[in-house]
Structures are given as structure tokens and as C-alpha cells.
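A.B. asks: Read in order, the letters of the sequence shown correspond to residues 19 to 320 in the working numbering.
Beta carbons are placed, not taken as given, at the ideal position from N, Cα and C, and that holds for glycine.
Quick caveat: nothing in here was measured; it's all calculated off a predicted structure.
Dropping a structure here in C-alpha cells format, bear with me for questions.
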Amino acid sequence: MSVANHSLILPADWRDFLALTKPRVMTLVVFTGLCGMLAAPVPIHPVLGFTAILCIALGAGAAATLNQWYEADLDAKMKRTANRPLPAGRMDKQSALHFGVGVAALSVILMGLAVNYTAAAILLVSILFYVLIYTVWLKRRTPQNIVIGGAAGAFPPLIGWAAATGEVALLPFLLFMLVFLWTPPHFWALALFVKTDYANAGVPMLPVVAGEKNTRIQIGLYTIPMAIAAVAPWPLGLTGALYGLTASVLTLLFAALALQVAMRMASDNDAMKPEKRLFGYSILYLFILFGAVAADRWLAAS
Numbered sequence: 019m020s021v022a023n024h025s026l027i028l029p030a031d032w033r034d035f036l037a038l039t040k041p042r043v044m045t046l047v048v049f050t051g052l053c054g055m056l057a058a059p060v061p062i063h064p065v066l067g068f069t070a071i072l073c074i075a076l077g078a079g080a081a082a083t084l085n086q087w088y089e090a091d092l093d094a095k096m097k098r099t100a101n102r103p104l105p106a107g108r109m110d111k112q113s114a115l116h117f118g119v120g121v122a123a124l125s126v127i128l129m130g131l132a133v134n135y136t137a138a139a140i141l142l143v144s145i146l147f148y149v150l151i152y153t154v155w156l157k158r159r160t161p162q163n164i165v166i167g168g169a170a171g172a173f174p175p176l177i178g179w180a181a182a183t184g185e186v187a188l189l190p191f192l193l194f195m196l197v198f199l200w201t202p203p204h205f206w207a208l209a210l211f212v213k214t215d216y217a218n219a220g221v222p223m224l225p226v227v228a229g230e231k232n233t234r235i236q237i238g239l240y241t242i243p244m245a246i247a248a249v250a251p252w253p254l255g256l257t258g259a260l261y262g263l264t265a266s267v268l269t270l271l272f273a274a275l276a277l278q279v280a281m282r283m284a285s286d287n288d289a290m291k292p293e294k295r296l297f298g299y300s301i302l303y304l305f306i307l308f309g310a311v312a313a314d315r316w317l318a319a320s
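As C-alpha cells, this is what we get:
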């Protein structure tokens, strides 16, 4: 049932506002931003570091809120999102809009005044990219939505690094590219086993418009440049052996899972299991890889 069909909007509480920020997704965003900061060659004052991470979290939460504000009609049509605050009728759209815009403005202004303008500018670009480019422009128009839109979730390492240094360098750019190229196989693995939801909502996700076989092949193909971006910092001398070996082993396992997905036939009895394994592993993969970047820098400095 869409929010428009509710004659009565129940009063929202703090849990509904928190739900709008997608806290589980925010965890990975904040972690990659923190690791980008810790990987920087210069230390940042703990108070400024905390402020920067807070701003990254607020910016991510604001972008997620505005995404749900704009997509309330789609969320109402999909089983996995129908209980979100807006489609479930626990909040009106105007409240969500005001909350999202207010938190977004707070995050960017605070980052600029307390940390530096470079980090604030990248944070602003990331919010606008997710809301305007991905949510408004791409999501309903093209199956390449997640490919281009994936850049929105790749900005945090750049923001974290810029918060510490005031500039952008090759290592955070490679970390950006890692997340950017990781997003399609990660998200398409999910889309393969929730494609009915997307079909019902009329969202042109790749499995819906191009079929499962093409999606599986694309997952395998995108894993190749992702693997290059993941391992590249080591041979380029930007990280040490700790990161290099960790990235090599974990990426080989990612590639093996992606190959299983790419070669899986839709008629197989356990056709969805490889996708679920890849989706679950892909989240762990990114957490460990970014943790290795930070640990590698700490080891080099000690």
C-alpha cells in the first residue's frame, strides 16, 4: 500500500528518523571513510577526526533519507522495503524532506568550518550525486543505474583522506575506484535474488531488463577491473605487504565466487546460493580490505 493511500499518517518517533538514514548501510560508509583517514600520511587531531567521521555519517544518512523521500512510491511496491517509515505510513513526506535537507546542510557546513573545505566539497558532491544523479536521474531510467550511481558510495575514502590532508592523492583515488567497481557485482548479486521486487516496482535493474544470464556474466566481467583496483596499491608502492597479501588472497576468493555466479545455470536447483554467498562475502571483503589499509599504514608508521 503506498503512502498516498493512508488516510492517517501515524506520528513518527526517533526510530523512524533513524531508519531513514539506513544505519546498516551507513556502517560501511563510515568505516571506509575512517580507514581513508587513517591511511593518510599525516595524523589528524582526534577531535577533528571524530567531527569528520560524524559529518560523513550525517551526510550518508541525509542522502539515504532523501533517497527514501523520493522513492516512497517504489518502496511501497517492494516487499523488502514496504515497512520503511514512509510507505508504511509512519511519517509524512514533508517531514522526511525537511530532515534530509537539514542534516545534509549541517554535515557539509560543519565539515567545512571544523575540518576543511576540500573534505566539505567532496562530501557535498557525494550527497548530490546520490540524490540527483542516482536517485532522481538514473534509478528509474537505465539498468546501468548502479554502475554509474555506485560512485556515490565510493566517496568516503576520499573524504576521510581529504579531512586529514586537505587534498586528494593516488591511494584514496584507487580506494574510490575499488568501491566504485565493487558496487556492480555486489549489488547485482543481491538483485538476482530480489529481482521480482524490482520487476513489480518497475525498476529497470539488470536482471529484470537483461535477464539472469547476462547479469551473471556482467558480475564476472566487473570483478576483473575491481580486482586490479584492489591489488594495485601494493605494486605501485602505496601500501606494504600486509595490505598487498591480504588484498591478493581476498580478491582471489571474491573472483572464485564471482566465477561460480557467472557460470551458474538458472535451471540449477541451488541457483540462488552462489549469489547469496557472493553478496554476503562482498560486504566482509570490503570491511577487511579497508581495515588492512589502515593497519598497513599503522605498521609502516610504527
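#1: Can you tell me whether residue 96 is buried or exposed? The criterion is at least 16 other CB atoms within 10 Å of its CB, across all chains shown.
#2: Let me know if residue 34 comes out buried or exposed under the rule of 16 or more other beta-carbons within 10 Å of its beta-carbon.
#3: Going by beta-carbon coordinates alone, are residue 1 and residue 222 separated by less than 7 Å?
#4: Within 10 Å of its beta-carbon, does residue 200 have 16 or more other beta-carbons around it, so buried, or fewer, so exposed?
#5: Considering only C-alpha positions, which residue in the set 294, 184, 192 and 185 is nearest to residue 234?
#6: Excluding the 5 residues preceding and the 5 following residue 311 in the sequence, name in chain order all residues of the same chain whose CB lies nearer than 6 Å to its CB.
#7: State whether the region 271 to 283 contacts the region 171 to 183, with contact taken as three or more CB pairs (one from each stretch) at a distance under 8 Å.
#8: Any idea what DSSP makes of residue 179, helix, strand or coil?
#9: In whole angstroms, give me the CA-to-CA distance for residue 229 and residue 152.
#10: Name the residue from 160, 214, 247 and 37 whose alpha carbon lies nearest to the alpha carbon of residue 307.
#11: Could you check if residue 214 is buried or exposed, using at least 16 other CB atoms within 10 Å of its CB as the buried criterion?
#12: Once the 5 residues before and after residue 316 are set aside, which same chain residues still bring their CB inside 8 Å of it?
#13: Looking at the secondary structure, which residues open and close the alpha helix (DSSP H) in which residue 172 lies?
#14: Considering only the beta carbon of each residue, do residue 82 and residue 39 sit closer than 7 Å?
#15: I'd like to know whether the C-beta atoms of residue 173 and residue 140 end up nearer to each other than 7 Å.
#16: Looking only at its chain, what residues have a beta carbon closer than 8 Å to the beta carbon of residue 143, apart from the 5 residues adjacent to it on each side?
#17: Counting along the chain, where does the alpha helix (DSSP H) carrying residue 147 start and finish?
#18: State buried or exposed for residue 87, treating a residue as buried only when at least 16 other CB atoms are found within 10 Å of its CB.
#19: Going straight from the alpha carbon of residue 300 to that of residue 175, what length do you get?
#20: Can you tell me where the alpha helix (DSSP H) with residue 163 in it begins and where it stops?
#21: Does the distance from the C-beta atom of residue 80 to that of residue 137 stay below 7 Å?
#22: Taking just the CA atoms, how far does residue 44 sit from residue 70?
#23: Which same chain residues, not among the five before or five after residue 148, have their C-beta less than 6 Å away from its C-beta?
C.D. replies: Reading off the structure:
#1: Numbered from its first residue, the sequence shown carries residue 96 at position 78. Answer is buried; the Cβ neighbour count reaches 16.
#2: By 1-based counting over the sequence shown, the position of residue 34 is 16. Buried, because 16 or more other Cβ atoms sit within 10 Å of the Cβ of residue 34.
#3: With the chain covering only 19 through 320, there is no way to say anything about residue 1.
#4: Counting from one through the sequence shown, the residue named residue 200 turns up at place 182. Classification of residue 200: buried, given that the 10 Å Cβ count is 16 or more.
#5: The residue labelled residue 234 in the question sits at position 216 within the sequence shown. Out of 294, 184, 192 and 185, 294 has the C-alpha closest to the C-alpha of residue 234.
#6: Along the sequence shown, one-based indexing puts residue 311 at 293. Here the set comprises 53, 57 and 261.
#7: Segments in contact, no.
#8: Within the sequence shown, the letter at position 161 stands for residue 179. Helix, per DSSP.
#9: As a working note, residue 229 is residue 211 in the sequence shown. As a working note, residue 152 is residue 134 in the sequence shown. For residue 229 and residue 152, the distance between alpha carbons rounds to 22 Å.
#10: Your numbering for residue 307 matches position 289 in the sequence shown. Per the C-alpha coordinates, the member of 160, 214, 247 and 37 positioned closest to residue 307 is 247.
#11: As a working note, residue 214 is residue 196 in the sequence shown. Exposed, by the Cβ-count rule.
#12: As a first step, residue 316 must be located in the sequence shown, where it is residue number 298. Answer for residue 316: 56, listed in chain order.
#13: Mapped onto the sequence shown, residue 172 falls at position 154. Note, residue 172: premise wrong, no alpha helix (DSSP H); not H, not E.
#14: One-based indexing of the sequence shown puts residue 82 at position 64. One-based indexing of the sequence shown puts residue 39 at position 21. Yes, Cβ-Cβ distance for residue 82 and residue 39 is below 7 Å.
#15: Mapped onto the sequence shown, residue 173 falls at position 155. Mapped onto the sequence shown, residue 140 falls at position 122. Taking the C-beta atoms as reference points, residue 140 is found nearer than 7 Å to residue 173.
#16: Within the sequence shown, residue 143 is the residue found at index 125, counting from 1. The beta carbon of residue 143 sits closer than 8 Å to the beta carbons of 173 from its chain, once the five residues preceding and following it are set aside; these are given in chain order.
#17: Counting from 1 along the sequence shown, the entry for residue 147 is found at position 129. From DSSP, residue 147 is part of no alpha helix (DSSP H); its letter is neither H nor E.
#18: The residue you call residue 87 lines up with position 69 of the sequence shown. Buried, since its Cβ has 16 or more Cβ neighbours within 10 Å.
#19: As a first step, residue 300 is located in the sequence shown; it is residue number 282 there, counting from the start. As a first step, residue 175 is located in the sequence shown; it is residue number 157 there, counting from the start. Whole-angstrom Cα-Cα distance: 17 Å.
#20: The sequence position of residue 163 within the sequence shown is 145, counting from 1. Bounds of the alpha helix (DSSP H) holding residue 163 are 163 to 167.
#21: In the sequence shown, counting from the first residue as 1, residue 80 sits at position 62. In the sequence shown, counting from the first residue as 1, residue 137 sits at position 119. For residue 80 and residue 137, no; Cβs fall outside 7 Å.
#22: For the purposes of this step, residue 70 is taken as residue 52 along the sequence shown, with counting starting at 1. For the purposes of this step, residue 44 is taken as residue 26 along the sequence shown, with counting starting at 1. Near 14 Å, if we compare the C-alpha coordinates of residue 44 and residue 70.
#23: One-based indexing of the sequence shown puts residue 148 at position 130. The residues are 81 and 170.
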